[in-house]
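Notes for the one structure printed next.
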Amino acid sequence: MAKDRERIFLSPPHMGGQELEYVRKAFESNFIAPLGPMVDGLEKRLAEVTGFPHVLALNAGTAAMHLALHRLGIGPGDRVLASSLTFIGSVSSVTHRGAECHFVDAEAASWCMDPDALEEAIIACRKGGQEPAAVIPTDLYGQSCDLERIGGICRREGIPLICDSAESLGAGWGEGHAGSGADHAILSFNGNKIITSSGGGALLSRDHAFIEFCRFLSTQARDAAPHYQHTHVGYNFRMSNIVAAVGMGQLEVLEERVRQRRAIYDGYRERLGDLPGFGFMPRDVYGRSNCWLTVVTIDEEAFGASPETVRLALEELNIESRPVWKPMHMQPVYAGAPMTGGAVGEDLFRRGLCLPSGTALGEDDLDQICECIRRTGR
Ligand SMILES: Cc1ncc(COP(=O)(O)O)c(C=O)c1O
462 MAKDRERIFL SPPHMGGQEL EYVRKAFESN FIAPLGPMVD GLEKRLAEVT GFPHVLALNA
522 GTAAMHLALH RLGIGPGDRV LASSLTFIGS VSSVTHRGAE CHFVDAEAAS WCMDPDALEE
582 AIIACRKGGQ EPAAVIPTDL YGQSCDLERI GGICRREGIP LICDSAESLG AGWGEGHAGS
642 GADHAILSFN GNKIITSSGG GALLSRDHAF IEFCRFLSTQ ARDAAPHYQH THVGYNFRMS
702 NIVAAVGMGQ LEVLEERVRQ RRAIYDGYRE RLGDLPGFGF MPRDVYGRSN CWLTVVTIDE
762 EAFGASPETV RLALEELNIE SRPVWKPMHM QPVYAGAPMT GGAVGEDLFR RGLCLPSGTA
822 LGEDDLDQIC ECIRRTGR
């Protein structure tokens, strides 16, 4: 019966209302192309929102990471230190560049990269005769990593730092925006993110020349000549003007979406916080989380059901939930990759469950989801 009603997705798109108006304006301008006033406007707004002075709008967050690694000259023989507890889009470009990942475990306090493990990984890398080429920590599920310590380590050791803020647009770190303590950062506007452009991403940097070279690379690296001439091999990674128009509309409601996601986290906490064996991802450890997803941990013995049993019970009601990201060092494709630590990420993968967190979720939906979870336990 429940299967008949509309599915509750984990994190569906939620339009604010002005997106079509921006798309209409994009059509009127006839910039139906991977450039135009909406792309320029989006870059300007993102600079204002994030505090990064230089922004490049692209067709994916993955593309942003790829360009950053290319610009840093990372390639075969290089080693990049990256969060293990993350989505593969954070590190796939390291592999595409022909470099190797050395994964770093999460800390229990924030679920993001453990700065102590990072220090250990740098030492291990150097012992093996390799200088780390970059560090990529992920701001997990909208929570900023410890950029004060990680940034301090990278500056001291002279290692470029690219913060993967794909999930944390609108979140805070210290007094600034998520990622703002890093040299460079990436964002994603994928359909499941806190705001979406229907797919897209951005590269953020404090370095003008860095962004300008990536801009050049992102549009097939055309040299300044009337004919087609190339001294570099580039990519077709630029954002479309129509996609940017959707993003412009969505940016208008970003603050509201952060408030709503945080309220959803509070709503789950109020309804489920007393359950034995139930825990919540820590929040606001180094800044203000955007609570992109509400993530819980379930201790099977104390609660009386495993995270997978809960997931299947929700599925019976046509409600989507998902396990926490499977750490990269546990992925078959990265079997044998160097790793520092691992127990924290493995434990969070075993006990974690991401609950529906879309901002259109009503109180009734929350009640239903939480009643189902309560019933599933003892
Ligand atoms: C942590 C993380 N990194 C990178 C990405 C890649 O972004 P995109 O899907 O826009 O390529 C995502 C999301 O999809 C992500 O969650």
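In terms of this note's numbering, the sequence shown opens at residue 462 and continues consecutively. All C-beta atoms in this analysis are idealised placements derived from N, C-alpha and C, irrespective of residue type, glycine included.
At a cut-off of 6 Å, is residue 566 close to ligand 1 when judged by its beta-carbon and the heavy atoms of the ligand? no
According to DSSP, simplified to helix, strand and coil, what is residue 790? helix
What do you reckon, is the C-beta of residue 628 under 6 Å from a heavy atom of ligand 1? yes
Can you tell me the Cα-Cα spacing of residue 809 and residue 570, whole angstroms? 12 Å
Residue range of the alpha helix (DSSP H) that includes residue 523: 522-532
Which first and last residues belong to the beta strand (DSSP E) in which residue 707 is found? Unbroken run through residue 707 is the alpha helix (DSSP H), 702-712; no beta strand (DSSP E).
What residue range is occupied by the uninterrupted alpha helix (DSSP H) comprising residue 773? 768-777
Close beta carbons around residue 781, own chain, < 7 Å, minus the five adjacent residues each side: 468, 469, 470, 471 and 817
Does the beta-carbon of residue 462 have 16 or more other beta-carbons within 10 angstroms, so that it is buried, or is it exposed? Caution applies to residue 462, whose pLDDT of 46 falls short of 50 and renders its modelled position unreliable; the model cannot decide the point.
List, from N- to C-terminal side, the beta strand (DSSP E) runs of 3 residues or more that fit wholly inside the region 643-702. 645-649 and 662-666
Could you say which of 776, 764 and 821 lies nearest to residue 835 if we only look at CA atoms? 764
Quick check for students: name the residue ranges of the alpha helix (DSSP H) that lie wholly in the region 540-582, counting only runs of 4 or more. 553-557
Measure the alpha-carbon distance for residue 740 versus residue 628 and round it to whole angstroms. 21 Å
Which residue comes first and which comes last in the beta strand (DSSP E) that contains residue 507? Not the beta strand (DSSP E): residue 507 falls in the alpha helix (DSSP H), residues 498-511.
Looking at C-alpha atoms only, which residue of 483, 513 and 466 is the closest neighbour of residue 666? 513
Do the region 655-671 and the region 504-523 touch if we need at least three Cβ pairs shorter than 8 Å? yes
Return yes when at least one heavy atom of ligand 1 lies under 6 Å from the C-beta of residue 649, else no. yes
For residue 736, which three-state DSSP category applies? coil
Could one say the Cβ of residue 776 lies closer than 7 Å to chain D's Cβ atoms, at least one of them? Considering every chain present, this structure includes no chain D. It has just one protein chain.
Mind reading off the beta-carbon distance from residue 564 to residue 585? Whole number of angstroms is fine, and I expect it under 8 Å. Wrong, their Cβ atoms sit about 11 Å apart, outside the cutoff.
Inter-residue Cα distance where the pair is residue 680 and residue 489: 24 Å
Assign residue 654 to one of two classes, buried (16 or more other C-beta atoms within 10 Å of its C-beta) or exposed (fewer than that). buried
Count the other CB atoms, across all protein chains shown, that sit within 10 Å of the CB of residue 776; report buried if there are 16 or more and exposed otherwise. exposed
Rounded to the nearest angstrom, what separates residue 499 and residue 706 at their Cα positions? 5 Å
Extent of the continuous alpha helix (DSSP H) run through residue 785: Counting along the chain, residue 785 falls outside any alpha helix (DSSP H), and DSSP gives it neither H nor E.
Leaving out five residues on either side along the sequence, give the residues of the same chain with a beta carbon under 6 Å from the beta carbon of residue 712. 506
Give the C-beta separation of residue 719 and residue 756 to the nearest angstrom, bearing in mind that I take them to be a contact with Cβ-Cβ under 8 Å. Contact doesn't hold; Cβ gap of about 16 Å is too wide.
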